[in-house]
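Peer 1: In terms of UniProt numbering, the sequence shown has 51 at position 51, counting the first letter as 1, and numbering is strictly consecutive.
Below is the structure I would like to discuss, written out as structure tokens.
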Amino acid sequence: MLLQYQSVVLKPRNGSYGRDIVFIKRNGPNAYRIHNEQNAVTMRDTDKLLKWLRRKNRSGGYIVQRRLQLTQIQHKPFDIRIMVQRKKGSSSTWNVTGSYAKVAAQGYLVTNVTSRTIPVLEALRLARIGDRGLLVKAERIARLAAQRLGERYPKLRTVGFDIGIDRKRRIWIIEGNYQPDLRPFRLLRDSSMYRRILWYKNIKAKKDG
């Protein structure tokens, strides 16, 4: 994949909370810049790189993705968590119930290690990349993705999508979480989203008739 894209992201298949994510940038035919958490190193041998990756993750390999050049706030990348939920029942409509922006901590490339959690519109304003229209577009993409997943997994009721916006204002789905962490919503000044999420989580499907 490094032959197609200059930079990639490797995520452990069994990982969580952004642990052991590795960023690799190709600096030449046989040279690689590796960034893991706050550590960075250059390797000039492909075989050494592969051996290092195997030692780093012995439990089951990686998921490889193209690295996105995310927009930044004060030189820190950020992405958006969008919660999409539906009532119990495969025919129920998917709805966006909450969202927030995650700003990476200083020196980190992943937002799982955050310096702060802020409302999405505030993040878009600070990054100077858009307004509510961009958020509406991201929410629509999240709903469509949830609909497709719901067709494959009829019992699925909640997905927390991590959405990235690159420097050209293009919207990307980074990943979807079926058991998203709700704690960041409790940190927001607006508590209505947290209450709405809990309502959808606990609501039972209405019986017909």
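We put the beta carbon where it would ideally sit given N, CA and C, even for glycine.
1. Between the beta-carbon of LEU135 and the beta-carbon of LEU121, is there less than 8 Å?
2. Mind checking PRO77: buried by the 16 CB within 10 Å criterion, or exposed?
3. Give the single residue among THR42, ASP20, ALA142 whose Cα lies nearest to the Cα of ASN27.
4. Is residue 220 near TYR62, with beta carbons less than 8 Å apart?
5. So TYR100 and PRO184 are supposed to be a Cβ contact under 8 Å. How far apart are they, rounded?
6. Starting from ASP47, trace the beta strand (DSSP E) both ways and give me its first and last residue.
7. Quick check on ALA31: does DSSP put it in helix, strand or coil?
8. With burial defined as no fewer than 16 other Cβ atoms inside 10 Å of the residue's Cβ, what is the status of LYS102: buried or exposed?
9. Please say whether LYS87 and ILE203 have beta carbons closer to each other than 8 Å?
10. What distance in whole Å lies between the Cβ atoms of GLY133 and MET193, which are believed to be in contact at a cut-off of 8 Å?
11. What is the C-beta distance between VAL96 and ILE82, in whole angstroms, given that I count them as a contact (C-beta under 8 Å)?
12. With a Cβ-Cβ cutoff of 8 Å, do ILE165 and ILE129 count as a contact?
13. If you draw a straight line from the alpha carbon of GLN69 to that of ASN39, how long is it in whole angstroms?
14. Less than 8 Å between the C-beta atoms of VAL159 and ARG67, yes or no?
15. Where does LYS207 fall in DSSP's three states?
16. List the DSSP bridge partners of GLY176.
17. Taking DSSP as the reference, what is the three-state secondary structure of SER99?
18. State the CB to CB distance for the pair ILE174 and ALA138, rounded to an integer number of angstroms; the pair is presumed to be in contact (CB under 8 Å).
Peer 2: A quick look at the data gives this:
1. Within the sequence shown, residue 135 is the residue found at index 135, counting from 1. Within the sequence shown, residue 121 is the residue found at index 121, counting from 1. The answer is yes: Cβ separation under 8 Å.
2. For the purposes of this step, residue 77 is identified with residue 77 of the sequence shown, where counting begins at 1. With 16 or more other Cβ atoms inside 10 Å of its own Cβ, PRO77 counts as buried.
3. Residue 27 sits at position 27 when you count from the first residue of the sequence shown. Measuring from the Cα of ASN27, the nearest candidate turns out to be THR42.
4. Because residue 220 is not part of the residues shown, which for the chain are 1 to 209, the question remains open.
5. Residue mapping note: residue 100 aligns to position 100 of the sequence shown, counting from 1. Residue mapping note: residue 184 aligns to position 184 of the sequence shown, counting from 1. Contact flag correct, Cβ pair sits at about 6 Å.
6. For the purposes of this step, residue 47 is identified with residue 47 of the sequence shown, where counting begins at 1. Looking at the DSSP string, ASP47 is not in any beta strand (DSSP E); the run it does join, the alpha helix (DSSP H), is 46 to 56.
7. Start at 1 with the first residue of the sequence shown, and residue 31 comes out as number 31. In the structure shown, ALA31 sits in a strand (DSSP, three-state: E or B).
8. To locate residue 102, count along the sequence shown from 1; it is residue 102. When all chains shown are included, LYS102 counts as buried.
9. On the sequence shown, position 203 is the one that residue 203 refers to. On the sequence shown, position 87 is the one that residue 87 refers to. A contact, by the Cβ cut-off of 8 Å.
10. In the sequence shown, residue 193 corresponds to position 193, counting from 1. In the sequence shown, residue 133 corresponds to position 133, counting from 1. So it is not a contact: roughly 20 Å between Cβ atoms.
11. If you number the sequence shown from 1, residue 96 lands on position 96. If you number the sequence shown from 1, residue 82 lands on position 82. Yes, they are in contact, since the Cβ atoms of VAL96 and ILE82 sit about 6 Å apart, within 8 Å.
12. Position 165 of the sequence shown holds residue 165. Position 129 of the sequence shown holds residue 129. Contact: yes.
13. Counting from 1 along the sequence shown, the entry for residue 69 is found at position 69. Counting from 1 along the sequence shown, the entry for residue 39 is found at position 39. Using only the alpha carbons, I get a separation of about 19 Å.
14. By 1-based counting over the sequence shown, the position of residue 159 is 159. By 1-based counting over the sequence shown, the position of residue 67 is 67. No; because the gap between Cβ atoms is not below 8 Å, this pair is not in contact.
15. Counted from its first residue, the sequence shown places residue 207 at position 207. Caution is warranted here: a pLDDT of 45 is assigned to LYS207, below 50, making its placement in the model unreliable, and the coordinate value is therefore given only provisionally. The answer is coil: DSSP assigns LYS207 none of H, G, I, E or B.
16. By 1-based counting over the sequence shown, the position of residue 176 is 176. BP columns for GLY176 point to PHE161.
17. Taking the sequence shown and counting its residues from 1, the one referred to as residue 99 is at position 99. Residue state, collapsed to three classes: strand.
18. As a working note, residue 174 is residue 174 in the sequence shown. As a working note, residue 138 is residue 138 in the sequence shown. ILE174 to ALA138, Cβ: 12 Å. No contact.
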